[in-house]
Each structure stands twice: as structure tokens, then as C-alpha cells.
Amino acid sequence: MPILLDGKVAREARMESFRERVCLLPVPPTLVIVQIGALRESNEYIKLKKRFSESVGVHVQHISLPESSGEAEVIAEVGKQGREASCSGIIVQLPLPPHLSRERIINTIPPEKDIDGLTALNQKRLAENDKRAVVPATARGIVELLEFYNISVSEKKVAVLGRSILVGAPIAQLLKNHGAVVTVCHSQTPNTKEITRASDIVIVAIGKPRLIGADYLLAGRGQVVVDVGINAVSGGVQLELEAGRRPLVGDVDFDAVKDMVAAITPVPGGVGPMTILALFENLLDIAELK
195 MPILLDGKVA
205 REARMESFRE
215 RVCLLPVPPT
225 LVIVQIGALR
235 ESNEYIKLKK
245 RFSESVGVHV
255 QHISLPESSG
265 EAEVIAEVGK
275 QGREASCSGI
285 IVQLPLPPHL
295 SRERIINTIP
305 PEKDIDGLTA
315 LNQKRLAEND
325 KRAVVPATAR
335 GIVELLEFYN
345 ISVSEKKVAV
355 LGRSILVGAP
365 IAQLLKNHGA
375 VVTVCHSQTP
385 NTKEITRASD
395 IVIVAIGKPR
405 LIGADYLLAG
415 RGQVVVDVGI
425 NAVSGGVQLE
435 LEAGRRPLVG
445 DVDFDAVKDM
455 VAAITPVPGG
465 VGPMTILALF
475 ENLLDIAELK
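Take the position in the sequence shown, starting the count at 1, then add 194; the result is the number in my numbering.
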């Protein structure tokens with residue numbers, strides 16, 4: 195059996211230190227979440243953030259705007275919240291309704307309060323390995339998860355499947371900054387399987403349930419697989435169905451590959467818990483700088 199890279203265990207190991215840091219601040223930090231519309235998935239993510247914030251003594255202010263809000267209205271609200279002295283950090287909950295420009299709205303956030311690390315300035319700083327960069331939460335969470343399990347990325351061959359601004363691109367850049375030899379694969383990459391089979395670490399963030407199977411990996415190589423995907427599928431565990439929820443699976447076919455690899459993240463419970471922690475670590479880092 196492989197080592198299970200359990201994000202809940204890794205997060206719990208950091209919680210005491212996190213709470214101590216919060217207690218040392220003159221006032222608890224405040225995270226402002228701006229949500230446009232009421233997408234069910236977004237509502238669930240916001241609930242997770244609120245639940246975590248309550249457990250560590252951090253304030254969350256949730257600003258909810260109608261889905262029909264115009265771009266100028268959203269930009270004005272984001273700018274207003276970003277200027278508030280009480281606001282330690284701000285995020286715009288993604289995805290946005292299709293009539294809104296993610297780039298224009300995100301770049302309204304003051305870079306020094308951009309705890310998602312998505313503004314152009316923070317992306318530039320990450321690309322330049324500038325220590326002032328705010329690292330996107332999933333990328334930071336993955337690196338911290340690997341560090342917890344003593345998995346070094348320096349000089350390792352890493353395949354990153356997916357190149358999104360939220361996950362693929364920032365994790366690839368962050369791993370390069372940590373000395374990894376990174377290859378980014380996407381839907382047009384002709385030899386993805388060859389690349390992944392030759393890699394020490396494979397990170398998958400493509401949003402396709404169970405797409406990555408045994409043919410993408412090489413048994414006996416001691417590979418590490420990090421599955422960022424979280425997809426709701428039909429069928430599965432009866433209790434989950436009775437509760438009105440569809441089971442969640444990753445982008446990797448866990449059962450098909452688990453006996454081939456040295457370590458792998460579960461879904462759920464792998465990358466997800468570390469992403470939430472990393473988001474609030476970004477908030478705390480910014481609050482401490484003040």
C-alpha cells in the first residue's frame with residue numbers, strides 16, 4: 195500500500211502554531227469574501243472557509259451580490275472593500291457569472307490584500323521568485339503537504355497536468371522556484387503519458403473524473419501522485435446518495451493506480467484541507483506584515 199498523503203493530518207499538525215500566531219496579533223484578521231450569484235458549489239466553498247475561520251478565531255465578512263450585477267458595480271464593491279482598514283485580505287469567489295471579466299475584477303483587489311495570489315502583480319512576483327509574492331492557496335497547500343511527508347521536490351522531475359491560472363500554472367511555477375524540473379501538460383500535449391511515466395511526481399488538476407489511470411504511471415518507479423481534482427459523479431456510496439449528495443472523486447483513478455505508486459493523495463481529504471489552511475496562512479502572513 196502507498197503512503198496516503200492525508201491533508202487533514204497535515205493540516206492538524208499546523209493548527210496549534212496557526213492559532214498561536216492569531217493570538218499574537220493586536221486584533222484578529224478579517225477576510226472579506228465577495229460573491230456574485232449563488233452557485234451551489236461556491237456556497238459550499240464559502241461554508242468551508244467560514245467553518246475554518248471560526249475554528250481559528252479569524253473573522254469572515256461575506257458580501258453577496260446578485261448574479262445580475264454589472265461589472266462596474268462589482269468592481270466598485272471590490273475596490274471599496276479593499277480600501278477598508280478593517281479588511282486584512284479579500285477574495286472574489288470564483289467562478290464568476292459569464293458576463294463578468296475575471297481579470298478586470300481580480301485586479302481591482304489591492305495586491306497587498308490579494309490572499310488568492312491572482313492579481314497580475316502577485317503572478318509576476320511568483321514568476322520572478324520574489325519573496326513578496328502571495329502564492330495561490332492550492333499551490334502553497336500542495337508544497338506544504340509534500341513537506342509534511344518529507345517529500346523533496348528539489349531536482350525532481352515533476353509533471354503538472356493542467357495549466358489553469360488557479361492551480362496548474364502557479365504550482366508549476368512554485369515547484370520551479372523550489373528547484374524542481376517541471377513539465378506542464380495540457381490537452382494538446384502529444385506525449386503526456388510518456389512524460390508522466392518518466393516523472394518522479396505527478397500533479398493532476400484537469401477537472402476530469404478518474405481520467406488518469408494506470409497507463410499514465412510506471413509501477414516500481416516510486417512515484418508520488420497529487421490529485422487536485424474534486425468531481426461529483428453519479429452512483430457510488432449509498433449513504434452519500436441518501437444524504438442528497440453525489441460522491442466525490444478525483445482526476446486520478448485511485449483504485450487503478452494506488453498499488454503502483456509510493457504515495458498518493460485521497461479525494462476528498464488530500465489537497466482540499468491544505469488549500470483552506472494555505473488561504474488563511476496567506477491572510478495571516480499579510481496581517482502580520484501590518
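Beta carbons: idealized from backbone N, C-alpha and C, even for Gly.
Do residue j and residue i come within 7 Å of each other at the CB atom, strictly closer than that value?
| i | j | result |
| --- | --- | --- |
| Val-418 | Ile-365 | no |
| Leu-219 | Ala-481 | yes |
| Pro-403 | Val-427 | yes |
| Leu-355 | Ile-400 | yes |
| Tyr-343 | Leu-198 | no |
| Asp-445 | Ile-406 | yes |
| Pro-222 | Gly-201 | no |
How would you write the range of the alpha helix (DSSP H) that residue i sits in, first residue to last?
| i | result |
| --- | --- |
| Cys-217 | 201-218 |
| Asp-421 | Segment 418-421 is the beta strand (DSSP E) holding Asp-421; no alpha helix (DSSP H) there. |
| Val-451 | 448-451 |
| Leu-225 | Counting along the chain, Leu-225 falls outside any alpha helix (DSSP H), though it belongs to the beta strand (DSSP E) covering 224-230. |
| Thr-469 | 465-483 |
| Thr-390 | 386-391 |
Please check the pair residue i and residue j, which I expect to be a contact at CB under 8 Å, by giving their CB distance rounded to whole angstroms.
| i | j | result |
| --- | --- | --- |
| Pro-305 | Leu-320 | About 12 Å separates the two Cβ atoms, so there is no contact after all. |
| Val-352 | Asp-394 | 7 Å |
| Val-286 | Val-272 | 6 Å |
| Pro-330 | Gly-311 | 4 Å |
| Gly-283 | Leu-483 | Rounded, the Cβ-Cβ distance is 11 Å, inconsistent with contact. |
| Ile-299 | Ile-269 | 6 Å |
| Glu-265 | Ser-295 | 6 Å |
Between which two residues does the beta strand (DSSP E) holding residue i run?
| i | result |
| --- | --- |
| Ala-331 | Here Ala-331 belongs to no beta strand (DSSP E); instead the alpha helix (DSSP H) covers 331-342. |
| Leu-355 | 351-355 |
| Gln-255 | 253-259 |
| Ile-395 | 395-398 |
**Request:** Tell me, please, whether the segment 344-362 touches the segment 377-397 by the rule of three or more beta-carbon pairs shorter than 8 Å.
**Result:** yes
**Request:** Indicate whether the contact test is met: 3 or more Cβ pairs, each with one atom in the segment 458-475 and one in the segment 323-341, closer than 8 Å.
**Result:** yes
**Asked** Pairing CB atoms from the segment 320-333 with CB atoms from the segment 256-273, are three or more of them under 8 Å?
**Response** These segments do not touch.
**Message:** Just to confirm the assignment: which complete alpha helix (DSSP H) runs, minimum length 4, are found wholly within the segment 273-329?
**Reply:** 296-300, 314-321, all fully within the segment 273-329.
**Request:** Give a yes or no on contact between the segment 227-236 and the segment 207-217, applying the rule of three or more CB pairs nearer than 8 Å.
**Result:** no
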